[in-house]
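Chains Y and X are the protein sequences, given in the same order. Residues in the first sequence are numbered consecutively from 1, following this note's numbering. Residues in the second sequence are numbered consecutively from 1, following this note's numbering. Ideal placement from N, C-alpha and C gives every residue a C-beta, glycine not left out. Note that the structure is a prediction, hence the values are computed from the model and not measured.
2 protein chains.
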Amino acid sequence: MIKRAAILSTGDELITGKVIDTNSAFIADRLFSMGIKVAAVLKVGDDREALLWAMREAADLGEIIIGTGGLGPTEDDLTSEVVAEFLGCPLVQNEEIAASLRKRFEARRIPWTANNLKQALFPQGAEILPNPVGTAPGFRVSFGENKTLSWLSGVPQEMTAMFDQTVMPWIVAMRGGQDQIFSQAFKVYGLTESKLDDLVRPIGLEPGIKLSFRAHYPDLTLRVTVAGASEEQRRFIETCKRIRLILGSHIYAEGDTTLEQRVGQLLSERHRTLALAESCTGGLISHRITGIAGSSAYYLGGVTSYANDVKVKLLGVTPATLEKYGAVSQETALEMSHGIRERIGADFGLSVTGIAGPGGGTPEKPVGTVWISIAQAKNHEAKLFQFHGDRERIVLGTSQAALNWLRLALLE
Amino acid sequence: MIKRAAILSTGDELITGKVIDTNSAFIADRLFSMGIKVAAVLKVGDDREALLWAMREAADLGEIIIGTGGLGPTEDDLTSEVVAEFLGCPLVQNEEIAASLRKRFEARRIPWTANNLKQALFPQGAEILPNPVGTAPGFRVSFGENKTLSWLSGVPQEMTAMFDQTVMPWIVAMRGGQDQIFSQAFKVYGLTESKLDDLVRPIGLEPGIKLSFRAHYPDLTLRVTVAGASEEQRRFIETCKRIRLILGSHIYAEGDTTLEQRVGQLLSERHRTLALAESCTGGLISHRITGIAGSSAYYLGGVTSYANDVKVKLLGVTPATLEKYGAVSQETALEMSHGIRERIGADFGLSVTGIAGPGGGTPEKPVGTVWISIAQAKNHEAKLFQFHGDRERIVLGTSQAALNWLRLALLE
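Laid out in structure tokens, this is it:
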């Protein structure tokens, strides 16, 4: 029976503060949702002694050890050799991986150098964990009494894919006849964490139901987890229903669906098209929308109108409006959404214009003042928003507000 | 002499993945900048056993131990009592802190409860570290042979203020006349990690010079670190010179500068303006450019032309070109960069058109095929690129290639 886990995050960039370690939080969240307690997270640099120390401690702390980093081809990538030393076994070249690496390099016409073979060396007896995103595969080895070490790439994008495709199913399979874990995430817009907590608290007080919150701006996620069998499953389904009832349209998506995916689904289902006119968001909304494969079916295109002149030339905003009301105004936002809708010939014209800062604020229009407008055939509105924080946060918050309004407009 | 530090980040929220630990990266960065090596970061929950384990290990690992979290008034705030247990000393109430807490509560009309006094209990002999931002002060205790434990609030805003006002000056005073750390980062484009390793390996073999690599697609960073005094500083400067010579224009920036910042600097310095026509990158280049405060001085705006129709209507690409050569072609890329430059009236018109996938590829134009074009007054070119990986990676790689070409064009 699996009880505890230890997480190792490795790399000089972590202990010199060059990079914030997001990997361990991702892994801890996944393990927590499966009912596995993380005893500790250990972060060490690319250093043989420190890695050995961390592996020994991790093996003392938990049955499941999950490490990240140090799988690359360079001299400071020490993971495989230190794990082999820790286990007291030799390093063995995996011919299949070696061949596929060579093939990959040839296909891209990248010169092949001997140190690339490092990535094909694994502790003897290790099972290879494929890396669907990058070149460096990971591995899993069992040792001692029922202990298992899984090692994944330290690149977050690669790590998350590897974790979900190789570690998750393995843990689920290993847990076998035990309790099942029922878990669902609700993505929420328009509530603070404490307001959300207030609303769902009665549910969280019921025995066996675990509610957890995760705020990662601009996302706020509520997760329900119930462990058990059929009776617990019934309660889990009932709980999810209650949450949907309580939170209503504050829930913009469930599971791993992002807000832009949800908007894309709605545009697709309703056979509607979208055009964007972005000022302060500088292309972020367009970037989020086009991050979804197949978005060309509903997203026609847009204009980033950073200079006023571009608002006039490409969106048809009148110079008189800009002069009288300014670029950040209800009138300009309305003309922008109308202009992009007409010029591109889309069902929805969405515009944003605001002051992202740090400069450009005035007492009447402080940094964070944003107008958002949606133009449809029979409806044309603009709304004023006030965001807080630094430039990045204001732009991100604006993109989230604009997409959420578009979602609600599509649901009408 | 201080050599090594260990950082403890504590709190259940850290080991359940609810919160990403930014405190340890902040502290590690500050210590690194003062030439203090962080041996490890340990993260544990609000649990007596786990905290004791972490303190014992930290005391083994370094002379300076810096902990955060668990100083509040609630039941799960265990820091003071566990530190007292670890040191084998009693907890003592600090009357000054107790009085000031009571006063603070009265002033805010918050009901005073006995557990608030918890925040006035400290291990005997501890020096109080004031918290200029919140209610919970921290403390510092010395123990063993020349070891010191400093404990700060876990709230990032409080922690940073406490660190800079109490820990930094103490370390600076304690270090006196020791070694300095010289460190420089070089951001590289157009080389694989292993090719870069090959090129600079001879330098890394010299005694006292540490080279480290960081590949975070699409960024590749080489860092040089040398510890010592004036002679080492001379060698450090010499080493940086050699690296600049070996890598030449592959280095797109030094230090923390991003590629978009570098491009922004060059556009500013040369008083040139930019307009973008993005197809497969869907607004990412615009988003990257506008992420820089002040970019409105050189970036006028752009068009995201996802639909062919938008290429015609907003960029002036001729329907005949689209029909004859297709949207992903040299001809279309050239007309796009020309069109956006003319219509927006910028010095540089930069366009990209390609197949980001996963759909849309053909044997002649597989997924990852991208044309990039730059239009200037007297120069108008397009180049073909082939990228690999998933949609996100292709789009990111394309944006990097486009910005890098623009950088080189600006340097000409």
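query                                                                                                                                                           : result
With distances taken between CB atoms, is the gap from X:SER142 to X:THR135 smaller than 7 Å?                                                                   : no
For Y:PHE182, name the three-state secondary structure that DSSP assigns.                                                                                       : strand
Counting Cβ pairs, one atom from each stretch, are 3 or more of them under 8 Å apart for the region 355 to 373 of chain X and the region 394 to 403 of chain X? : yes
Taking the beta carbon of Y:PRO366 as the centre, do at least 16 other beta carbons fall within 10 Å, making it buried, or is it exposed?                       : exposed
The region 8 to 36 of chain Y: which residues have C-beta closer than 9 Å to a C-beta of chain A, in chain order?                                               : The question asks about chain A, but that chain is absent: this structure's protein chains are Y and X.
Let's see if you can read the secondary structure: which residues bound the beta strand (DSSP E) around X:GLU278?                                               : 274 to 278
Just mark Y:TYR217 as buried or exposed, buried being the case when its beta carbon has 16 or more other beta carbons within 10 Å.                              : exposed
Starting from X:GLN386, trace the beta strand (DSSP E) both ways and give me its first and last residue.                                                        : 380 to 386
What distance in whole Å lies between the Cβ atoms of Y:ILE20 and X:THR113, which are believed to be in contact at a cut-off of 8 Å?                            : Actually they are not in contact, since the Cβ atoms of X:THR113 and Y:ILE20 sit about 36 Å apart, beyond 8 Å.
Going by DSSP, what residues sit across from Y:ALA6 in a beta bridge?                                                                                           : Y:ALA40, Y:ILE65
Quick one: grab the DSSP three-state call for X:LEU196.                                                                                                         : helix
Does any residue of chain X bring its CB to less than 7 Å from the CB of Y:LYS3?                                                                                : no
Please report the straight-line C-alpha distance between Y:VAL41 and Y:ALA6, rounded to a whole angstrom.                                                       : 6 Å
To the nearest angstrom, report how far apart Y:MET1 and Y:PHE32 are at their CA atoms.                                                                         : For Y:MET1, the pLDDT reaches just 49, beneath the cut-off of 50, and the residue's location in the model is therefore unreliable, although a value from the coordinates is still provided. Cα to Cα, the separation comes out at about 16 Å.
Can you pull the chain Y residues whose beta carbon is under 7 Å from the beta carbon of X:VAL310, in chain order?                                              : LEU300, GLY301, ILE344
Do X:ARG108 and X:GLU127 have their CB atoms nearer than 7 Å?                                                                                                   : no
Out of curiosity, what's the CA-to-CA distance linking Y:LEU408 and Y:LYS195?                                                                                   : 21 Å
Thinking C-alpha only, which one of X:LEU315, X:VAL200, X:VAL224, X:LEU199 is nearest X:VAL210?                                                                 : What sits at residue 210 of chain X in the sequence shown is Lys, not Val. That would be X:VAL224, whose Cα lies nearest to the Cα of X:LYS210.
If you measure from the beta carbon of Y:SER329 to each beta carbon in chain X, is any gap under 7 Å?                                                           : no
Using a Cβ cut-off of 8 Å, pull out every chain Y residue sitting near X:ALA401, in sequence order please.                                                      : Here the premise fails: no neighbours, minimum Cβ distance about 14 Å.
Taking the continuous beta strand (DSSP E) assigned at Y:ALA327, which residues delimit it?                                                                     : Segment: none, Y:ALA327 is in no beta strand (DSSP E) and carries neither H nor E.
Among all the DSSP beta bridges, which residues are the ones paired with X:GLY302?                                                                              : Y:THR304, X:LEU276
Here's the rule I'm using: 16 or more other beta-carbon atoms within 10 Å means buried, otherwise exposed. How should Y:ALA229 be labelled?                     : exposed
So Y:THR221 is in the alpha helix (DSSP H); what residue range does that whole segment cover?                                                                   : Counting along the chain, Y:THR221 falls outside any alpha helix (DSSP H), though it belongs to the beta strand (DSSP E) covering 219 to 228.
Name the one or two DSSP bridge partners that Y:GLN93 has.                                                                                                      : Y:LEU121
Mind checking which residues open and close the beta strand (DSSP E) that includes X:GLY138?                                                                    : 138 to 143
Can you check DSSP and say which residues form a bridge with Y:ILE209?                                                                                          : Y:VAL226
Could you please give me the residues that DSSP links to X:PHE348 through a beta bridge?                                                                        : X:LEU274
Grouping DSSP H, G and I as helix and E and B as strand, with all else coil, what is Y:SER153?                                                                  : coil
Alpha carbon to alpha carbon, what distance is there between Y:ILE344 and X:THR318?                                                                             : 16 Å
Assuming X:ALA25 is part of the alpha helix (DSSP H), what are its boundary residues?                                                                           : 23 to 33
Between Y:GLY360 and Y:GLN386, is the Cβ-Cβ spacing less than 7 Å?                                                                                              : no
From Y:GLY11 to X:PRO156, what distance separates their C-alpha atoms?                                                                                          : 23 Å
Specify the secondary structure class of Y:LYS103 as computed by DSSP and reduced to three states.                                                              : helix
Listing by chain order, which chain X residues have their CB less than 8 Å from the CB of Y:TYR252?                                                             : Residues of chain X passing the Cβ test: none, with the nearest at roughly 20 Å.
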